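S.K.: Okay, here's the structure, questions in a sec.
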């Protein structure tokens, strides 16, 4: 039992390095990475999981991101600010931020959730990131939470907004030079039913502009659009549709 506890402490210390924050109360971090499936399996009770911390972290994130955007874009109206905030703190973007600091590797999941691909679900990973924010807020106050959010969530805004809006951006690029529709075609499904990987191509007519993968068809389409936009921007060539 002592060995298990020591191993857990070592693991949490590794996670602290990934986060760039050292906890005064390491139990807050442990709770932040504890999914309800794990707490139920270990008979830890309803208060043993990260759901309350997620609730708190979500509120802290909304305040900090709202202040950040308010100051960064002084002439934008409410609607545009709301749209930008939505792109920065939506589930897929938060999951992307969480994976950049390898948070998904440290989650405590029940065996059932683990075996059905829970570690790869955006909803679980993004919720854990909000729980970590809540834990940092309780442990170190608003200033510490703000520092973490600015470093790991509100950084590289252009890239993250592109990721969030990739399908719309790709559609706009294509329509600048014609009216041919952008289509997404599922080309492959791999893995068991509970943990499938979908592969999607995005095309204009018969030309493949990008290929993406995801655990849902929607995520695969977004990844394909993102790859297409990145490729077009890298070559600095906009797709010109062929008219007949």
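Numbering (my numbering), first residue to last: 113 to 356.
C-beta atoms are modelled at their ideal positions from N, C-alpha and C, and glycine is treated no differently.
Note that this is a predicted model, so its numbers are computed, not measured.
1. Output the residue ranges of the beta strand (DSSP E) runs that lie fully inside the segment 262 to 305 and measure 3 residues or longer, sorted by chain position.
2. Exposed or buried, residue 233, counting other C-beta atoms within 10 Å across all chains shown (16 or more means buried)?
3. Distance check for residue 333 and residue 355, CA to CA, integer angstroms please.
4. Compute the Euclidean distance between the alpha carbons of residue 351 and residue 344, then round it to the nearest angstrom.
5. Relative to the C-alpha of residue 194, which residue among 187, 282 and 181 is closest?
6. Excluding the 5 residues preceding and the 5 following residue 126 in the sequence, name in chain order all residues of the same chain whose CB lies nearer than 8 Å to its CB.
7. Beta carbon of residue 200, beta carbon of residue 272: below 8 Å?
8. On the CB-based measure, 16 or more other CB atoms within 10 Å of its CB, does residue 235 come out buried or exposed?
9. Exposed or buried, what is residue 227 when buried is set at 16 or more other beta-carbons lying within 10 Å of its beta-carbon?
10. Considering only their Cβ atoms, is the gap separating residue 144 from residue 247 smaller than 8 Å?
11. Please look up how many angstroms separate the CB atoms of residue 337 and residue 282, rounded, as I've assumed it's under 8 Å.
12. Please determine if the segment 149 to 164 and the segment 256 to 263 are in contact, where contact requires at least 3 C-beta pairs separated by less than 8 Å.
13. Roughly how many angstroms lie between the CA atoms of residue 353 and residue 346, to the nearest whole one?
14. Taking 8 Å as the cut-off, decide whether the C-beta atoms of residue 207 and residue 244 are in contact.
15. I'd like the ranges of any beta strand (DSSP E) spanning at least 3 consecutive residues and lying wholly in the segment 120 to 178.
16. When the Cα of residue 128 is compared with those of 168, 165 and 251, which residue comes out closest?
17. Restricting to Cα atoms, I'd like to know which of 335, 249 and 231 is closest to residue 277.
18. Since residue 310 and residue 205 are thought to touch, with beta carbons under 8 Å apart, how far apart are those beta carbons, to the nearest angstrom?
19. With 16 as the cutoff for other CB atoms within 10 Å, does residue 119 come out buried or exposed?
20. Nearest to residue 326 by CA position, among 190, 300 and 131, is which residue?
M.R.: This is what the structure holds:
1. Secondary structure remark: continuous beta strand (DSSP E) runs of at least 3 residues inside the segment 262 to 305, in chain order: 294 to 302.
2. So residue 233 counts as buried.
3. Residue confidence is low: residue 355 scores 40 on pLDDT, short of 50, so the model does not pin down where it sits. No coordinate-derived value is stated.
4. Low confidence applies to residue 351: its pLDDT is 48, below 50, so where it sits in the model is not reliable, and the reading given next is rough at best. About 7 Å.
5. Nearest to residue 194 by C-alpha distance, out of 187, 282 and 181, is 181.
6. If we look at residue 126 and ignore the five residues flanking it on each side, its Cβ neighbours are 218.
7. Going by C-beta atoms, residue 200 is nearer than 8 Å to residue 272.
8. Exposed, by the Cβ-count rule.
9. Around the beta carbon of residue 227, fewer than 16 other beta carbons lie within 10 angstroms, which makes this residue exposed.
10. The Cβ-Cβ distance between residue 247 and residue 144 falls below 8 Å.
11. With a Cβ gap of about 5 Å, residue 337 and residue 282 count as contacting.
12. Short answer: they don't touch.
13. With a pLDDT of 42 at residue 353, under the threshold of 50, the modelled position of that residue is not reliable, and no figure is offered here.
14. For residue 207 and residue 244, no; Cβs fall outside 8 Å.
15. With a minimum length of 3 residues, no continuous beta strand (DSSP E) run stays inside the segment 120 to 178.
16. Looking at the Cα atoms, 251 is the closest of the given residues.
17. Proximity to residue 277 across 335, 249 and 231 peaks at 335, based on C-alpha coordinates.
18. For residue 310 against residue 205, the beta-carbon gap comes to about 20 Å, at or over 8 Å, which does not count as contact.
19. Result: exposed.
20. Comparing Cα positions, the closest option is 300.
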